[in-house]
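Novice: This structure is in structure tokens; I'll ask about it shortly.
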Amino acid sequence: MAHSPEEIRKHVRFYIGVFGALLVLSAITVGVSYIHIGPPESNTGNIAVGLLIATVKAGLVAAFFMHLAGEKPLIYRVLLFTVIFVIGLFGLCIFAFHDDIPALF
Numbered sequence: 007m008a009h010s011p012e013e014i015r016k017h018v019r020f021y022i023g024v025f026g027a028l029l030v031l032s033a034i035t036v037g038v039s040y041i042h043i044g045p046p047e048s049n050t051g052n053i054a055v056g057l058l059i060a061t062v063k064a065g066l067v068a069a070f071f072m073h074l075a076g077e078k079p080l081i082y083r084v085l086l087f088t089v090i091f092v093i094g095l096f097g098l099c100i101f102a103f104h105d106d107i108p109a110l111f
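In our numbering, each residue carries its 1-based index in the sequence shown increased by 6.
See the structure below:
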């Protein structure tokens with residue numbers, strides 16, 4: 007924990023820097039929305055770039071504002087299990103959606 011005023015100022019400057027990075031990434035997201043990326047008939051390139059930028063922003067928020075950058079390995083194991091579980095549930099939904107159900111009548 008920070009006890010001296012110099013340490014507190016250092017932390018405040020760091021958080022302001024992360025906030026500035028989030029603002030810059032938000033501006034880049036808006037700028038990318040005005041540029042067409044990818045095939046002319048779809049917006050898949052724009053969606054992919056937007057999701058990539060959103061992932062970076064979410065990582066910054068989780069790592070620094072939620073203090074996950076200095077957590078113990080148990081937190082990362084729980085997070086990995088959660089991600090695997092969510093991917094598995096999405097996979098089950100996709101397989102169920104593409105499963106052919108025979109007509110009853």
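Just so it is clear, CB atoms sit at the ideal spot from N, CA and C, and this is done for glycine as well.
Would you tell me roughly how many angstroms separate the C-alpha atoms of Phe20 and His104, rounded to the nearest one?
Specialist: Cα to Cα, Phe20 sits roughly 48 Å from His104.
Novice: First and last residue of the alpha helix (DSSP H) that includes Lys16?
Specialist: Start and end: Pro11 to Ser39.
Novice: Hey, quick one: how far does the alpha helix (DSSP H) through Asn52 stretch, first residue to last?
Specialist: Residues Thr50 to Leu66.
Novice: For Gly97, which three-state DSSP category applies?
Specialist: If DSSP states are grouped into helix, strand and coil, Gly97 belongs with the helices.
Novice: Assuming Val55 and Val38 are in contact, meaning their beta carbons sit under 8 Å apart, how far apart are those beta carbons, in whole angstroms?
Specialist: Yes, they are in contact, since the Cβ atoms of Val55 and Val38 sit about 5 Å apart, within 8 Å.
Novice: Tell me the DSSP secondary structure of Leu74 in three-state form.
Specialist: Reduced to three states, the DSSP call for Leu74 is coil.
Novice: Please name the residue in Glu77, Ile59, Pro45 and Gly44 whose C-alpha comes closest to that of Ile34.
Specialist: Considering only alpha carbons, the answer is Ile59.
Novice: Measure from the alpha carbon of Gly26 to the alpha carbon of each residue in Val67, His42 and Tyr40, then state which is nearest.
Specialist: Selected option, being the one with the closest Cα: Val67.
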